[in-house]
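Engineer: Residues 132 to 240, numbered by the numbering used here, are exactly what the sequence shown covers, in order.
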Amino acid sequence: MGHNRYWAPDTTYAKQNGGKYNFEIDNRSNFALPTSQVFWDDLLREARTWGLTVYEQDWLDREFDKFAPLTKSATLGRTWLAQMGAAASSNGLSIQYCMSHCRHILASV
132 MGHNRYWAPD TTYAKQNGGK YNFEIDNRSN FALPTSQVFW DDLLREARTW GLTVYEQDWL
192 DREFDKFAPL TKSATLGRTW LAQMGAAASS NGLSIQYCMS HCRHILASV
């Protein structure tokens with residue numbers, strides 16, 4: 132199982148920090164969020180080669196409650212979860228949500 136709590140604003144994956152992927156970054160909350168399908172496809176395809184079978188996305192409540200872009204957008208959260216799920220599905224992986232709100236569980240079905 133691979134565990135991730137949340138992305139930090141200084142993640143090296145983000146274009147803003149010299150990486151190659153689009154991220155929303157909120158330095159005030161100290162969170163960041165990947166916003167491209169390519170990121171999830173690349174990350175989970177690579178993780179599968181390491182033997183990963185389950186990706187755990189933790190701290191969902193804090194991300195959705197404190198990360199400004201998620202509190203202001205009606206679609207960003209759904210897009211983020213859908214991208215993660217699509218990449219997991221195409222790589223034969225499962226996702227486990229942790230510290231989730233009811234809306235996260237509903238989004239997973």
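Note that beta-carbon positions come from the ideal geometry of N, C-alpha and C, so glycine has one too.
Between alanine 139 and the rest of its own chain, which residues show a CB-CB distance below 8 Å, the 5 nearest in sequence each way excluded?
Structural biologist: So the qualifying residues of the chain are Asn161, Phe162, Ala163.
Engineer: At which residues does the alpha helix (DSSP H) containing glycine 208 begin and terminate?
Structural biologist: Start and end: 207–221.
Engineer: Thinking C-beta only, is leucine 224 closer than 8 Å to threonine 180?
Structural biologist: For threonine 180 and leucine 224, no; Cβs fall outside 8 Å.
Engineer: Using CA coordinates, which residue listed in Lys151, His134, Asn135, Gly182 is at the minimum distance from asparagine 222?
Structural biologist: Measuring from the Cα of asparagine 222, the nearest candidate turns out to be Gly182.
Engineer: What does the alpha-carbon distance come out to for the pair leucine 191 and proline 165?
Structural biologist: Spanning the two alpha carbons is a distance of roughly 14 Å.
Engineer: Do threonine 143 and glycine 133 have their C-beta atoms within less than 8 Å of each other?
Structural biologist: Contact flag unset, no.
Engineer: Between the alpha carbons of arginine 193 and phenylalanine 154, how many angstroms are there, rounded?
Structural biologist: Cα to Cα, arginine 193 sits roughly 18 Å from phenylalanine 154.
Engineer: I believe glutamine 214 touches asparagine 135 by the beta-carbon criterion, under 8 Å. Please report the beta-carbon distance rounded to the nearest angstrom.
Structural biologist: Actually they do not touch by this definition, with Cβ atoms about 14 Å apart.
Engineer: Could you round the C-beta distance between leucine 152 and serine 167 to whole angstroms and report it? I think they count as a contact, below 8 Å.
Structural biologist: Per the sequence presented here, residue 152 reads as tyrosine, with leucine not at that position. Going by Cβ atoms, the distance from tyrosine 152 to serine 167 rounds to 6 Å, so yes, they are a contact pair.
Engineer: Going by the beta-carbon positions, is the gap between aspartate 172 and alanine 238 smaller than 8 Å?
Structural biologist: The answer is no: Cβ separation not under 8 Å.
Engineer: For glutamine 227 and leucine 207, I'd like the C-alpha separation in whole angstroms.
Structural biologist: Spanning the two alpha carbons is a distance of roughly 20 Å.
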